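Here is the structure we will look at, set down as structure tokens.
There are 2 protein chains.
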Amino acid sequence: MATGRTHRPATRSRGIPEATVARLPLYLRALTALSERSVPTVSSEELAAAAGVNSAKLRKDFSYLGSYGTRGVGYDVEYLVYQISRELGLTQDWPVVIVGIGNLGAALANYGGFASRGFRVAALIDADPAMAGKPVAGIPVQHTDELEKIIDDNGVSIGVIATPAGAAQQVCDRLVAAGVTSILNFAPTVLSVPDGVDVRKVDLSIELQILAFHEQRKAGEEAAAAADGEVPHTAARKQPADKGPDGDVPAVMPA
Amino acid sequence: MATGRTHRPATRSRGIPEATVARLPLYLRALTALSERSVPTVSSEELAAAAGVNSAKLRKDFSYLGSYGTRGVGYDVEYLVYQISRELGLTQDWPVVIVGIGNLGAALANYGGFASRGFRVAALIDADPAMAGKPVAGIPVQHTDELEKIIDDNGVSIGVIATPAGAAQQVCDRLVAAGVTSILNFAPTVLSVPDGVDVRKVDLSIELQILAFHEQRKAGEEAAAAADGEVPHTAARKQPADKGPDGDVPAVMPA
DNA sequence: CCATCTTTGTGCACGCGTTCACAAAGACAT
DNA sequence: ATGTCTTTGTGAACGCGTGCACAAAGATGG
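Okay, here's the thing in structure tokens:
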């Protein structure tokens, strides 16, 4: 529909780099903690440590927002909290719907991190008629039939999908058709959406698999180090169900 | 103490680029779906579409694993499933502990995506004595006191933290001390871990904030497009004190 | 066996993100 | 006012990831 501006041409000339945007919430969290402790100012070094990033990176990130620091002193905590909040759009109210109230959906509904920022759970939606009316996190669950009406009545533009994988695309299509333009997807599926709609994906299984890869690599290096004339460390656990990376399990060879 | 920078020495050795590793689970999922439909071979174009990536990127990713394709034909689905599984370390058994059995922890325990890959929930751990013994997802919850023993008895090297933010670092320290070397963190905190320990973070609030940023940007452009016949060059930047999306508290100016 | 057609594997160029290193800018003491 | 000291803001270099475009490789048909 709209001109191509999904994620490809992200860094527009006056735009903030995508990588920086992804870190702003991190800084905001660290700053909020400082604010609650009534710390008036903070240096890039201190704040970077609190946010778990490099100080040079932090300064460059902030430089995209403007010159909000004072040389020789640092950054005014309250002022920076406000500037980042505004930049992220958190000074306004964002009604959000959560679709799929299973274990995960319920956890999301109960998650306090939403309300503390500008997000407000406008409605919980589930396809199971037995769930309808049942309160979760103090909000009554509504049936999927009401989806379009809910989106429209509340002016919802952000939707969270926590349904099984099989239902995700269909739910996504309905959300988009009803006017939602940003989707946070927890279902393990690739969603296809029209241009102009943003999708972010959170996949628990994928994260674990990435960890497993590194874990295996660590075990391999450890084994290599041990074979290098070194006594196996006591903590060297790991069921050696198969060999190293060159495991000889044949599996199915292609013809 | 290495804060978040646990990935620096990665991609060395015979390394697969980190970006590629992050996509392998995606390919694996698409391939598994094809396998269940008994599709024998698949081209890079088809598979890329199913995984939601560019076909050139997919081919380059696979080239790091080896030459597993057949020119003019494509890739053997079963063979590729095995190769990627092996590369990710999913051919072995990964016992996992989940610490913090609140809403989210319970959702994770019930999540089927774990068991389907090589992951096995070895134990659920919670600090609340009232939870002890209570079964969640068919697994009895154990008290935090047992943490070290559980890790050791089961040879656990991957831990999932789903506790409140305040308890996360302490739990993390105990996990690491007990021998865990990979951590998936759902608590909204920056964990500091020693070198050699991998941490991946999943933060629901941050994802929403990133969406909000783009949503605000879209709204701004939309407004600018609507007022296309007016002031030429004012809409490019954020409206600082005008009728912008916020237009509220001016906040404190730094001295 | 040769010609043609399909699809892989990759060399290359480009752009984004990260990091270094330092000049500019302001605070503060004298 | 002036010098010193601290910390920001940024120019520049570098490395990684991405996408293009094409040659190499194998299948397939005559």
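Listed in order, the protein sequences are those of chains A and B. For what it's worth, our numbering labels the leading residue of the first sequence as 1, then goes sequentially. For what it's worth, our numbering labels the leading residue of the second sequence as 1001, then goes sequentially. Just so you know, even glycine gets a beta-carbon here, dropped at the ideal spot from N, CA and C. Small disclaimer: the values here were computed from a predicted structure and weren't measured.
- With a threshold of 9 Å between beta carbons, G166 (chain A) makes no contact with chain B.
- Remark: C-beta atoms of D198 (chain A) and L1211 (chain B) approach each other more closely than 9 Å.
- Here E1087 (chain B) is buried. Its C-beta has 16 or more other C-beta atoms within 10 Å.
- One Cα belongs to L80 (chain A), the other to K60 (chain A), and the distance between them is close to 15 Å.
- The DSSP-derived three-state label of T1091 (chain B) is coil.
- A residue is called buried when at least 16 other Cβ atoms come within 10 angstroms of its Cβ; V1136 (chain B) meets this threshold and is buried.
- In the DSSP annotation of this structure, the continuous segment of the alpha helix (DSSP H) that includes A1107 (chain B) starts and ends at N1103 to N1110.
- Per DSSP, the continuous beta strand (DSSP E) segment holding A1123 (chain B) begins and ends at F1119 to D1126.
- Residues of the segment 1042-1063 of chain B with a C-beta atom less than 8 Å from some C-beta of chain A are A1050, A1051 and G1052, listed in chain order.
- Counting of Cβ neighbours within 10 angstroms places R1071 (chain B) among the exposed residues, the total staying below 16.
- For the set A:V77, A:G66 and A:R217, the Cα lying nearest the Cα of A30 (chain A) is the one of A:V77.
- Beta-bridge partners assigned by DSSP to T1032 (chain B): none are found.
- For the segment 154-188 of chain A, the set of positions with a beta-carbon nearer than 7 Å to some beta-carbon of chain B reads S157, I158, T181, S182, L184 and P188 in chain order.
- P140 (chain A) sits exposed, since fewer than 16 C-beta atoms from the chains shown fall within 10 Å of its C-beta.
- From the listed residues A:G196, A:I206 and A:E207, the smallest Cα separation to E1222 (chain B) is found for A:G196.
- Restricting attention to B:I1084, B:L1090 and B:L1047, the CA atom closest to the CA of G1074 (chain B) is found in B:L1047.
- For A1106 (chain B), the neighbours in chain A by C-beta distance under 8 Å run, in chain order, N103 and A107.
- Each of B:I1084, B:G1118 and B:I1206 was checked against the Cα of Q1092 (chain B), and the nearest Cα belongs to B:G1118.
- Taking C-beta atoms as the reference points, A167 (chain A) and G100 (chain A) count as a pair closer than 9 Å.
- Looking from the CA of I161 (chain A), the closest CA among A:D152, A:S182 and A:D145 belongs to A:S182.
- Across the structure, T41 (chain A) and P1194 (chain B) are spaced so that their CA atoms are roughly 29 Å apart.
- The DSSP-derived three-state label of G1066 (chain B) is coil.
- Using a Cβ-Cβ cut-off of 9 Å, G1072 (chain B) does not count as an interface residue toward chain A, since no Cβ of chain A sits closer than that to its own.
- For D195 (chain A), no Cβ of chain B is located within less than 9 Å of the residue's own Cβ.
- Excluding sequence positions up to five before and after N110 (chain A), its CB lies within less than 6 Å of the CB of A137, all in the same chain and listed in chain order.
- For E1207 (chain B), the residues of chain A that pass the 7 Å Cβ criterion are L184, R200 and V202, in the order they occur in the chain.
- Excluding its 5 nearest sequence neighbours in each direction, N154 (chain A) has C-beta neighbours in its own chain below 8 Å: P95, V97, A122 and A123, listed in chain order.
- Residue environment: V171 (chain A) is assigned as buried (16 or more neighbouring CB atoms within 10 Å of its CB, all protein chains considered).
- Sorting A:A177, A:D145 and A:S55 by C-alpha distance to the C-alpha of R23 (chain A) places A:S55 at the top.
- If you look at V176 (chain A), you'll find it isn't in any beta strand (DSSP E); it sits in the alpha helix (DSSP H) that goes A165 to A178.
- Judged by DSSP secondary structure, I1151 (chain B) falls within the alpha helix (DSSP H) whose first and last residues are L1147 to N1154.
- Between G1089 (chain B) and E215 (chain A), the C-beta gap is smaller than 9 Å, which places the two residues in contact.
- Distance check between A1051 (chain B) and each of B:Y1068, B:P1025, B:R1200 and B:S1063 places B:P1025 closest, using alpha-carbon atoms only.
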